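Protein chains in written order, with the numbering used here: chain A, 1 to 203; chain B, 204 to 406.
Even glycine gets a Cβ: it sits at the ideal position worked out from N, Cα and C.
Just so we're clear, the structure is a prediction, and the values are computed from it rather than from any experiment.
Number of protein chains: 2
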Amino acid sequence: MAQDRAPTRIQKKNRATILDAALEVFAAHGFRGATVDQIAAQAGLSKPNLLYYFPSKEAIHAALLEGLLDTWLDPLRDLDAQGEPLEEIIAYVRRKLQMSREFPRESRLFANEIVQGAPRIQDALRHDLKILVDEKVAVIETWMAEGRIARVHPYHLIFSIWSLTQHYADFDVQVRAVMGPEDPFNSAPEFVETLYRRLLSPA
Amino acid sequence: MAQDRAPTRIQKKNRATILDAALEVFAAHGFRGATVDQIAAQAGLSKPNLLYYFPSKEAIHAALLEGLLDTWLDPLRDLDAQGEPLEEIIAYVRRKLQMSREFPRESRLFANEIVQGAPRIQDALRHDLKILVDEKVAVIETWMAEGRIARVHPYHLIFSIWSLTQHYADFDVQVRAVMGPEDPFNSAPEFVETLYRRLLSPA
DNA sequence: GTCTATAGCTTGATAGAC
DNA sequence: GTCTATCAAGCTATAGAC
Chain A
1 MAQDRAPTRI
11 QKKNRATILD
21 AALEVFAAHG
31 FRGATVDQIA
41 AQAGLSKPNL
51 LYYFPSKEAI
61 HAALLEGLLD
71 TWLDPLRDLD
81 AQGEPLEEII
91 AYVRRKLQMS
101 REFPRESRLF
111 ANEIVQGAPR
121 IQDALRHDLK
131 ILVDEKVAVI
141 ETWMAEGRIA
151 RVHPYHLIFS
161 IWSLTQHYAD
171 FDVQVRAVMG
181 PEDPFNSAPE
191 FVETLYRRLL
201 SPA
Chain B
204 MAQDRAPTRI
214 QKKNRATILD
224 AALEVFAAHG
234 FRGATVDQIA
244 AQAGLSKPNL
254 LYYFPSKEAI
264 HAALLEGLLD
274 TWLDPLRDLD
284 AQGEPLEEII
294 AYVRRKLQMS
304 REFPRESRLF
314 ANEIVQGAPR
324 IQDALRHDLK
334 ILVDEKVAVI
344 ETWMAEGRIA
354 RVHPYHLIFS
364 IWSLTQHYAD
374 FDVQVRAVMG
384 PEDPFNSAPE
394 FVETLYRRLL
404 SPA
C-alpha cells in the first residue's frame, strides 16, 4: 500500500483491477512465465504505476494466492455433518464443478502452483488444508460407519472429487480439443452425479 | 544434431542425459520457468556444450513432448474391443495409475503445458489425441449398447480416468500434504478399481 | 498518482580457443 | 566435443519529473 491510511476508492479500484489482470496472466503463464509488463498492459496501467500499488511481482502473486485458498475451500466447509450424507456429498461435487465453470482462472492459478511443487503455499496446504480435510474425513467416516453411504477410502474420495471437477478448468483445452464444439459443462454435472451415486449408495 | 552422420554412442548418451535433465527441470518449473543453465547443471554439462547437442531451449522442449505424447497414449491404445468390457477398462485405469507412479515427471510436463493452454501441442491434441479417443469411445459405446457395461457419457468416462489417475502425479505435493506419511499409491489402486466397478457394472 | 527513462540483473545463444 | 568469455535481449524494479 502506498500509505498507511485507509485506501481511497481509487486505490481499492486499482488494486482490484491489478489483481484481476494478474490472475489472468499468472493463470495463463505461471509465475515465472508472467511478466509485470503483461499484467500492467492487461490492467491498462503503466508498469511503474502498477508497482506503486504492489511492491513487487512476488507480492501480487502472494496477494492472489492468499485470498484464494479460503474461497477455494468454501464448498468443502459447507459439507454439513447434520445433512443427508449422499446428498451432502453430491451437493459438494456440484458446487465444486460450478466453481470450475465460473472461476477457471483461479483453478489454473492453483494448478500451476501445485504442479510445480507448491513452493509458495506448501505451508498452507500442510496446515489449513490438512486440518479442514481431516475434519471432513471424520464426518464421512462416521457416515460410513453408520452404513449411510458405502465404505470407500475417504481421502481418495475427496481427491477424486477435486481431480474430476478441477479437470474441466485446468485441462480445458484438452477437453475441448477432444469433445469438439459441444460444451463439456452441459453434460459433466449429470456424469459426476451418477458417478458418486453409484459409488456411494449403500449396498 | 551436430552432424548429418548417424550419432555416435557418446552423442546418443549425451542427448539422452540432456533430455532426462530437461524433463526434470521443465516438469518442475514449466517451459518459461526453466533455464538452460539449470538443465545444463542437472545434466552435468556446460551451457554451450548442451547447446551443441540441441539448437535451442525450445528444441529440447519440443523433442521431449514429441516423444512423450505417443508413450502417454499407449495405455489407451491397448484397450481391446475384443476383450471383456469391464475388465478392459479396469486394466486401462490400472495401467494409467501405474504410469503416474512410474513417470510423474512426464505427467507434470504435460500438465504444465496443458494448464497453460497447450501452446506447443494443441495441434497434436486436436488430431492424434482426438482420433484415438473417438475410436475408443466408439468401442465403449458398442459395449454400452450391448448392455455389457452401464451407460454413462463415454467422453466424460475417459476424462474421469485421466483426471483421477494423473492427479496422483500432478498434484502429488497436495495429496501428500493432506495424507501425511502414508503412500497414496498403496491405497489408490483399490479405490479407483472400486469406483469403476460400481460405476460401470451392468444394472 | 502517474508517467518516461534507465539502472542492474538474468537469460538464451554465440565466438573462438583448445 | 568441450570449455571460458561475452553479447544482445528481456526482465524487475527504481529514480525523478510532472
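Can you look up residue i in the DSSP assignment and give me helix, strand or coil?
{"i": "residue 3 of chain A", "result": "In this prediction, residue 3 of chain A has a pLDDT of 47, which is less than 50 and means its spatial position is unreliable; nothing more can be read from the coordinates."}
{"i": "residue 174 of chain A", "result": "helix"}
{"i": "residue 206 of chain A", "result": "Lying before the first or after the last residue shown, residue 206 of chain A is absent from chain A, which here runs from 1 to 203."}
{"i": "residue 306 of chain B", "result": "coil"}
{"i": "residue 8 of chain A", "result": "coil"}
{"i": "residue 386 of chain B", "result": "coil"}
{"i": "residue 356 of chain B", "result": "coil"}
{"i": "residue 145 of chain A", "result": "helix"}
{"i": "residue 363 of chain B", "result": "helix"}
{"i": "residue 319 of chain B", "result": "coil"}
{"i": "residue 203 of chain A", "result": "coil"}
{"i": "residue 334 of chain B", "result": "helix"}
{"i": "residue 324 of chain B", "result": "coil"}
{"i": "residue 14 of chain A", "result": "helix"}
What residues of chain A sit near residue i, judged by a beta carbon separation below 8 Å?
{"i": "residue 328 of chain B", "result": "173, 174, 177 and 178"}
Which chain B residues sit within Cβ distance under 7 Å of residue i?
{"i": "residue 111 of chain A", "result": "318"}
{"i": "residue 170 of chain A", "result": "318"}
{"i": "residue 22 of chain A", "result": "Neighbours of residue 22 of chain A on chain B: none; closest Cβ ~15 Å, over 7 Å."}
Under 9 Å Cβ-Cβ, which residues of chain B neighbour residue i?
{"i": "residue 167 of chain A", "result": "362, 363, 365, 366, 367, 369 and 370"}
{"i": "residue 229 of chain A", "result": "Beyond the ends of chain A as shown, which are 1 and 203, falls residue 229 of chain A; an answer cannot be given."}
Determine the chain A residues that contact residue i at a beta-carbon separation under 7 Å, and present them in chain order.
{"i": "residue 311 of chain B", "result": "115"}
Going along chain B in order, which residues have a C-beta closer than 8 Å to the C-beta of residue i?
{"i": "residue 199 of chain A", "result": "397, 398, 401 and 402"}
{"i": "residue 122 of chain A", "result": "376 and 380"}
List, in order along the chain, the chain A residues whose C-beta lies closer than 9 Å to that of residue i?
{"i": "residue 265 of chain B", "result": "In chain order: nothing, as chain A lies at least about 17 Å away."}
Query raised in the report: In chain order, what residues of the stretch 333 to 362 of chain B put their CB closer than 7 Å to some CB of chain A?
Result: Close to chain A, meaning a Cβ-Cβ distance shorter than 7 Å, are the following residues of the stretch 333 to 362 of chain B: 333, 336, 355, 356, 358, 359 and 362.
Requested in this report: For the stretch 18 to 88 of chain A, list the beta strand (DSSP E) runs that are entirely contained and at least 3 residues long, ordered along the chain.
Outcome: For the stretch 18 to 88 of chain A, there is no continuous beta strand (DSSP E) assignment of 3+ residues that stays within its boundaries.
Requested in this report: With 9 Å as the C-beta to C-beta threshold (strictly closer), list the residues of the stretch 276 to 288 of chain B near chain A in chain order.
Outcome: Among the residues of the stretch 276 to 288 of chain B, none has a Cβ less than 9 Å away from any Cβ of chain A.
Report task. Compile a chain-ordered list of the residues in the stretch 227 to 251 of chain B whose CB is closer than 9 Å to at least one CB of chain A. Result -> Correct list: 230, 231, 232, 233, 234, 235, 236 and 237.
Query - Contacting positions in the stretch 384 to 400 of chain B - beta carbon closer than 7 Å to chain A - result: Within the stretch 384 to 400 of chain B, the qualifying residues are 390, 391, 394, 397 and 398.
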